[in-house]
DNA sequence: TTGTACGCGTTATCAC
DNA sequence: GTGATAACGCGTACAA
């Protein structure tokens, strides 16, 4: 920058101002300086910038790849969410640091933040780290969580109305007169548990409804498929199934078909997320739709508020039941 | 750091050495300093570090979210790839900057690199930026591309053997005696075009084989489904279809079924990627498998070599045909 | 093994 | 509007 200043016959601060679009510099000079910089292949050192400024204009997005590998990614839903976050950050010209390593305990997160690696965190899915998140929320680090939204939560969470989603599925089962329900999913994830709770509430409103729980440790396609087969082979015959994702619903359909069971003739089925293939699947999958599209933008918006010192409220996105062939 | 040094009764450089694990400091002092740092909530400023050092230990991964949104993501394949890259970088303790904004022209990339935002780029999919990539490769910026691997390519590319993939599908079609083939995919993407070329080569080895091309602009599920319907409604009746992804294959199955056509009775079908649901789909989808798992690690390995000043060769990963019900 | 002095490239502060 | 100067927090010669 020193060199550019010399060549342009101005001072270093002027170059800085010109290149960062300060209104304090004349347009004429700005253009001239920009031109010289371009010709000489000069670009402002972003690290020096970050060192000098209070903001790093970077946020870290934590994605639990571990639990999503090997087909474990429920469906394209997470990807859409990530795309939304990426886009919302782009608009604000903020960098996205993806799942930096070594972040386990709340202390790790605090250190990472104090090291000025990022201005805040977006954490996708509580998973099994609810405890850590509660700790972290007390440590004055800007963060927003995608996942279960619970009233008593000490941190800002954004997620779809999972409880309602579960209830909607249950109410539909009631309409169809189903009595032996099966919930498929890992309820140790709060998000999933809320759906289960919603389903249970609907169940209590019916008469003589029994709900079973098929807990899937690793919520992957193959795992779900195999566990469903085991379940059927134990002579269980549910007349309604609520799966934790559309991909899981596909696994269910496949497993049930292998035992001669077809939806909706032999059982009702509702999935979650409304991914594109669901509509054209055979049979077309009834599902709970959540507004994935705006989720990313909302997450970013809340986090920015928090970084500015605000205290944004948690937000719950609407869900609705989309009826297709399976239910 | 100054403070920590004072409290520990040592000098600033000693603290620096202790915290960065230099062998020049006694274990006793290192431990003592680390303890004090922990107690006082001190963490090394990573930006100052990056400013001072030649490496930033950050690499940028370019993902074309734009062409993957709204279900446009072919299937979970890209996600798996990203997970692999993320993991490989974690092991090396390198940060992953995801699709920074404002990178369009080769010049943008060069500036980004010169600004010391990242030590290099991993670019997922050539897409429509082949021209830019050629430019960029001449500019002395470390980068590796996932996608089509072509002999005359000026940059280091890693990808599966797309040509072979296409040929394998074609050879299978020949075995089954199919004569009216349909290729589904956007051949303006080099990766896809190579598959088409492979298919064509197989076609020339048969007698009386005709190949049609159904170009899908946006390679999304719904788009593929609708274009397939249009195709059938134009009274076309292929007896073999090669789709650019397994998700696309699902879209094809759905569209064909709507017109009363079922695989493998009415047509043979081969997909690509071998995603988990393909095995359990109805009908189970024959597909070309590529070694997604090691891809991420290889990309990172090549890029690191390049950053170290090496000139790594392009690499082609093996593919194989997995025969299931559809073909 | 440890300390001194300096520089990395930028922006904030204050004068003019 | 522009320029001189200091400061951001760290690593690294070099000396001790």
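Protein chains in written order, with the numbering used here: chain A, -7 to 319; chain B, -7 to 319. The beta-carbon is built from N, C-alpha and C at its ideal position, and this holds for glycine as well.
- Contact between residue 274 of chain A and residue 316 of chain B is ruled out by a C-beta separation of about 16 Å, above the 8 Å threshold.
- Within a 10 Å sphere around the beta-carbon of residue 158 of chain A sit 16 or more other beta-carbons, which makes this residue buried.
- Close partners of residue 217 of chain B in chain A (Cβ separation under 8 Å): 272.
- Interface annotation, residue 261 of chain A: not in contact with chain B, CB-CB separation never under 8 Å.
- Remark: C-beta atoms of residue 4 of chain A and residue -6 of chain A approach each other more closely than 8 Å.
- Bridge partners of residue 76 of chain A according to DSSP: none are assigned.
- Of all residues in the region 26 to 38 of chain B, the ones placed with a Cβ closer than 8 Å to any Cβ belonging to chain A are 33, 34, 35, 36, 37, 38, in chain order.
- Within the region 240 to 269 of chain A, contact with chain B at the beta-carbon level (separation under 9 Å) is assigned to 242, 243, 245, 246, 247, 249, 250, 267, 268, 269.
- In the three-state reduction of the DSSP assignment, residue 236 of chain B falls in the coil class.
- Any Cβ of chain A closer than 8 Å to the Cβ of residue 42 of chain B would place that residue at the interface, and such an atom is present.
- Counting along the chain, the unbroken beta strand (DSSP E) around residue 87 of chain B starts and ends at 87 to 90.
- Under the 8 Å criterion on CB atoms, residue 310 of chain B is classed as non-interfacial with respect to chain A.
- For the pair residue 110 of chain B and residue 170 of chain A, the Cα-to-Cα distance works out to about 57 Å.
- One finds nothing in chain A with a Cβ atom closer than 7 Å to the Cβ of residue 6 of chain B; even the nearest lies about 19 Å away.
- With respect to the 8 Å criterion, residue 219 of chain B and residue 108 of chain A are not classified as neighbours on the basis of their beta carbons.
- Along the region 85 to 111 of chain B, the positions whose C-beta sits under 7 Å from a C-beta of chain A are 85, 87, 88, 89, 90, 91, 92, 93, 103, 106, 107, 108, 109, read in chain order.
- Among the residues of chain B, those whose CB is under 7 Å from the CB of residue 82 of chain A are 93, following chain order.
- C-alpha of residue 119 of chain B to C-alpha of residue 287 of chain B: approximately 18 Å in a straight line.
- Listed along chain A, the residues sitting closer than 7 Å to residue 214 of chain B by beta-carbon distance are 268.
- The alpha carbon of residue 133 of chain B has as its nearest neighbour, out of B:143, B:153, B:103, B:139, the alpha carbon of B:103.
- Between residue 193 of chain A and residue 140 of chain A, the gap from beta carbon to beta carbon reaches 8 Å or more.
- When beta bridges are read from the DSSP output, residue 170 of chain A appears opposite no residue.
- Assignment of residue 159 of chain B by DSSP, reduced to helix, strand and coil, places it in the helix class.
- In the same chain as residue 36 of chain A, and ignoring 5 residues on each side of it, the C-beta atoms closer than 6 Å to its own belong to 11, in chain order.
- Nearest to residue 204 of chain B by alpha-carbon distance, out of B:216, B:213, B:234, B:181, is B:234.
- B:244 is the residue among B:244, B:181, B:270, B:213 whose C-alpha sits nearest the C-alpha of residue 221 of chain B.
- In the three-state reduction of the DSSP assignment, residue 301 of chain B falls in the coil class, being assigned neither a helical nor a strand state.
- DSSP places residue 99 of chain A within a helical segment (H, G or I) once states are collapsed to three.
- In the DSSP assignment, residue 277 of chain B falls outside any alpha helix (DSSP H), carrying neither H nor E.
- As summarised for the region 192 to 238 of chain B, the continuous beta strand (DSSP E) elements at least 3 residues long and confined to that stretch are 202 to 206, 232 to 235, given in chain order.
- Looking from the CA of residue 54 of chain A, the closest CA among A:116, A:284, A:293 belongs to A:116.
- Contact residues of the region 135 to 154 of chain A toward chain B are absent (C-beta to C-beta distance below 8 Å).
- For residue 46 of chain A, no CB of chain B lies under 8 Å from its own CB, so it is not counted at the interface with that chain.
- About 27 Å separates the beta carbon of residue 209 of chain B from that of residue 258 of chain B, a gap too long to meet the 8 Å contact definition.
- Listed in chain order, the alpha helix (DSSP H) runs fully inside the region 113 to 137 of chain B are 122 to 129, counting runs of at least 4 residues.
- In chain order, 57, 90, 91 make up the part of chain B whose C-beta sits under 7 Å from the C-beta of residue 78 of chain A.
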